[in-house]
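To start, the structure under review is shown below, and the notes come after it.
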């Protein structure tokens, strides 16, 4: 097991380099000159002096060959000195530190809720396969799944927050605009909860759709197994058969998915963030790519790809935890 | 991209969007549905009529100003920094210039349409006989917000940073290229010597360069000065203005307080908060809930529909203001097709601009024919746009030799079909609607126009390389503009004369205007230029876009003008509660 882990961890190094290299090359291929974009800020009909451009190129290392630029960017990452953004020259760690907490909070909650809904829903559907109830759930889930997020988000805002219909929730931000700093801890928690209800709804309303389908098919497979038949034959109550015996085995696919959701936790949603005026990772990433802000983009990509790789590894390990038949390493099962 | 950053008040800029304020990061307007051309007749109530028209109540007779209170103003983008010497950002300059920072020279915001200069950090100045040497006598009673006294050393340090080739101040440096030298004569006197006389010398060089404290910036290298990590001013400005910086929370707010130590009349407001709200649909909603006092960006459709929202009508003034900006269609004169004046005039006359203004833009914009601020004396109001007249246009085309001889529905001349492409910026919905209207209208007249949607980066590149047939864009400016940048033949390479307009008479007028220091004579020269441009029709002039603002009724002392808002003159009714924080 440990050997396996070590091998997997070592494999991550070339993968990581490959991902950042491809990302860097794609950025360069985009053919937007960040220096001209930054200096010119569009086109104000003013001429930017060649010296100014050259000077910025030197500051940004853009006068060096591409492999030197890449090596410096990755070198900085590895030494954990993230450097400063090009946009405003602030430390990247600080910029990410501002955006990350709210994004993680939103996506962890959203994911947890999605699992809490998807598991019972999938079991419900599977145990009533092809009945009216199963079909109703299927249709309902697919309908939710096909609703665009920006539309649902805007509707939530207009109907529940604008005051034109109901005035239950705030319009913007993840905490009160005024007086948040002066609040006590519990008050702050309440304030944040009140503010993130709608964004959370917009993030979650269809996130469980795919999960519940995985759950349903996993369950269907499990209840056709011999051990389930045996349990039933022994006279074990149906509830116990389903929720204790079958459920455990049918969880494998969706638990695997949990690892794959790890990068999603820090990715953030540009749409939800924009509609609800929340400054999170989604907006930050989009802004960084637009400029393009090489150091920030590379850092974000490195961060995400690292989490993806860890996530894949984690889901492989989770396999073994959930299913005792799976082991890694030399021992025979 | 719909919108770009703008520079100082007197600077030209371009907007790719049509009906948009010129700022970076402004969201795109959704296409408004067609509206009946006629609007209901205004009610008898003059107050309601003023509200509908977006006229603010006059400043006079609004009671006695009292200090106190807080005002929350919407800002629809988070500026990259609050140091406009390194970041030429529209919002950055709007919320710092003449508020936190001051320049040597101010501009009288209430002097519409002239906007004459007034003393700011310099209490007086003299211009030498040869119009080359400016001597500024600085105020002696000024302190920076951190308590340090202001003097000639700060002016020198600031201009040294601007002229330092290693700082990101290229946008300001370009205005100082003709500067020969500058020096401090004593602690309170500075002298600037120009290589050539220039009528704009006071504008960008002296009214738009924020004077920063030497004790903060003088020791920084250029690279250090650029970066927020090493230059504290980029995130926390320290100036001499009526408001002092308190805090900036990225993507949330920038907060100022009254500068109690201000050398002039102190501001009335205790606090001034700029709240960042990016979604243009959300601004009015927040205002209705009492979370915003000033909505700086409303969609034109929302503006029209606002009359149905009694809460907004009761609590807010509306201000409709037309800036020194205009939208135009440019015909690339390097293309043989557009070299004939009659053809350009015919194209203009084939576009039903009035219908477009009324239906798509809700009649909120103003038609214009002038390169300068439409209210300034440099514009002759007697010059009106050529009418929409397809019949006359077709006649002009025939005269110019464009006839459909082979019966395929497209005119040709000397075997060349009248076909061209119209380049538009990919993200502007309004522009696309205009392009569609043009295409249909031209097709009926036997002209084949294709629409070419291009991303902003590519768009601006092709403009500079003259790689287009026709395009549409907006110019933004302040009360004074140097027309050379757009209209002088020498600006074809390296300037903004993208359509390669070249006319010796125009060049002569421009050159004469640039060295004419008498305003009336200069205005007369520029009016001649306007007549000439109108005659030549190298552009099809479209309209002046509108700035649509909501301002809470508890705020007094508000006047719309080109110089954004004079927050130092605003005051709020003492008995009026600040808008209640959203209920918990």
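Protein chains in written order, with the numbering used here: chain S, 1 to 333; chain U, 1 to 584.
Ideal placement from N, C-alpha and C gives every residue a C-beta, glycine not left out.
- Residue pairing by DSSP places residue 181 (chain U) opposite U:193 in a beta bridge.
- DSSP places residue 327 (chain U) in the uninterrupted beta strand (DSSP E) bounded by 325 to 331.
- Between residue 205 (chain U) and residue 83 (chain U), the C-beta gap is not smaller than 8 Å, which leaves the two residues out of contact.
- In this structure, the straight-line span from the alpha carbon of residue 168 (chain S) to that of residue 240 (chain U) is close to 44 Å.
- A straight line joining the alpha-carbon of residue 415 (chain U) with that of residue 405 (chain U) spans about 9 Å.
- The secondary-structure analysis by DSSP pairs residue 561 (chain U) across a beta bridge with U:564.
- The C-alpha of residue 198 (chain U) is placed about 40 Å away from the C-alpha of residue 71 (chain U).
- With contacts defined as CB atoms closer than 8 Å, residue 374 (chain U) and residue 544 (chain U) qualify as a contacting pair.
- DSSP lists U:122 as the bridge partner or partners of residue 138 (chain U).
- According to the DSSP assignment, residue 550 (chain U) belongs to the beta strand (DSSP E) that extends over 546 to 552.
- The beta strand (DSSP E) runs lying completely inside the region 38 to 85 of chain U and spanning 3 residues or more are 70 to 75, given in chain order.
- Identification of residues in the region 85 to 111 of chain S having a C-beta nearer than 7 Å to some C-beta of chain U yields 87, 88, 89, 90, 91 and 98, given in sequence order.
- In the structure shown, residue 452 (chain U) falls within a strand segment according to DSSP collapsed to helix, strand and coil.
- Taking C-alpha positions only, residue 134 (chain U) is separated from residue 183 (chain U) by approximately 11 Å.
- Within a 10 Å sphere around the beta-carbon of residue 140 (chain S) sit fewer than 16 other beta-carbons, which makes this residue exposed.
- In the DSSP assignment, residue 186 (chain U) is bridged to U:189.
- Listed along chain S are 177, each with a C-beta nearer than 8 Å to that of residue 275 (chain U).
- Runs of the beta strand (DSSP E) lying entirely within the region 216 to 290 of chain U, each at least 3 residues long, are 243 to 249, 253 to 258 and 271 to 276 in chain order.
- Per DSSP, reduced to three states, the secondary structure at residue 168 (chain S) is coil, with no helix or strand assignment.
- Against chain S, a Cβ distance below 9 Å from residue 323 (chain U) picks out nothing, because the smallest value is about 16 Å.
- Annotation for residue 57 (chain U): 50 and 317 place their beta carbon closer than 8 Å to its own, counting only its chain and skipping 5 residues before and after.
- Neighbours of residue 250 (chain U) in chain S, taken as residues at a C-beta separation under 9 Å, are given in chain order as 88, 90, 95, 98, 99 and 279.
- Sorting S:322, S:309 and S:327 by C-alpha distance to the C-alpha of residue 18 (chain S) places S:309 at the top.
- Along the length of the region 221 to 249 of chain S, whole alpha helix (DSSP H) runs at least 4 residues long occupy 226 to 233, reported in chain order.
- In the structure shown, residue 106 (chain U) falls within a strand segment according to DSSP collapsed to helix, strand and coil.
- Counting C-beta pairs with one atom in each stretch, the region 309 to 329 of chain U and the region 277 to 294 of chain U have three or more that are closer than 8 Å, which means they touch.
- Approximately 5 Å separates the beta-carbon atoms of residue 255 (chain U) and residue 273 (chain U); this is inside 8 Å, confirming the contact.
- Looking only at U:468, U:68 and U:430, the smallest Cα-Cα distance to residue 301 (chain U) is reached by U:430.
- Against chain S, the CB of residue 396 (chain U) has no partner CB under 8 Å away; the residue lies outside that interface.
- Just so you know, the alpha carbons of residue 419 (chain U) and residue 320 (chain U) end up roughly 39 Å apart.
- The beta carbon of residue 349 (chain U) lies closer than 8 Å to those of 386, 387, 388, 389, 390, 392, 393 and 396 in the same chain, with the five residues before and after it left out.
- Within chain U, 277, 282 and 286 have C-beta atoms less than 7 Å from the C-beta of residue 172 (chain S), given in sequence order.
- Interface with chain S (8 Å Cβ-Cβ cutoff): residue 315 (chain U) is excluded.
- Pairing residue 155 (chain S) with residue 454 (chain U), the inter-Cα distance amounts to about 32 Å.
- Neighbours of residue 289 (chain U) in chain S, taken as residues at a C-beta separation under 7 Å, are given in chain order as 163 and 171.
- In this structure, the beta-carbon distance from residue 163 (chain S) to residue 229 (chain U) does not fall below 8 Å.
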